[in-house]
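Report on the following structure.
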Amino acid sequence: MDFDEKQAVVCDNGSGLVKAGFAGDDAPCVVFPSVIGWPRNKHAMIGIGQKEMYLGDEAQARRGVLRLSYPIDHGMVRDWEAMERLWQHTFEKELRVSIEERPVLLTEPPLNPKFNKEKMVEIMFEAFEIPATYVAIQAVLSLYASGRTTGKTKSYL
């Protein structure tokens, strides 16, 4: 399949949820908590196939025996290593796509520091080897989804 024929992956990373899917779809394919958990005690989960780490819904379900980490705080990425793991989980386990063959649209909050945007793009190109990316402000994408290009409205009173 040609690069032009591959649908772009859209990933909206929020403080509470990751929403991801494909460009052109009406709704995200996957929605899961943006949380990572590590076992607090190596012996606490014996017999249930303990993993090194749990992500998303799995981490949420085992929150009582895990040390949880939220890589995004108030819309800003605070832990880049954890964020990279969340993206890997999103692409490989949730969407089940070969991400190095697809362009990726990432969202960012308004007033996101330039460093954060640069770091997002750096991880996408270097860790995931994607062919193209674009980072867009979440509020602007909401306007586009509703068929608008500005937040202004006209009053005809």
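Okay, so the sequence shown: first residue is 93 according to the numbering used here, each after it adds one. Every residue, glycine too, gets a C-beta built ideally from N, C-alpha and C. Predicted model, so just to flag it, every value in this text is computed and none were measured.
For V213, the enclosing alpha helix (DSSP H) covers residues 206-218.
For R159, no alpha helix (DSSP H) segment is defined; the enclosing uninterrupted segment is the beta strand (DSSP E) at 158-161.
When C-alpha distances from I191 are compared across V169, T241, G113, the shortest belongs to G113.
One thing to note: E176 has its Cβ within 7 Å of the Cβ of A219.
Per DSSP, the beta bridge partners of D165 are M168. For A112, no alpha helix (DSSP H) encloses it; the enclosing beta strand (DSSP E) starts and ends at 109-114.
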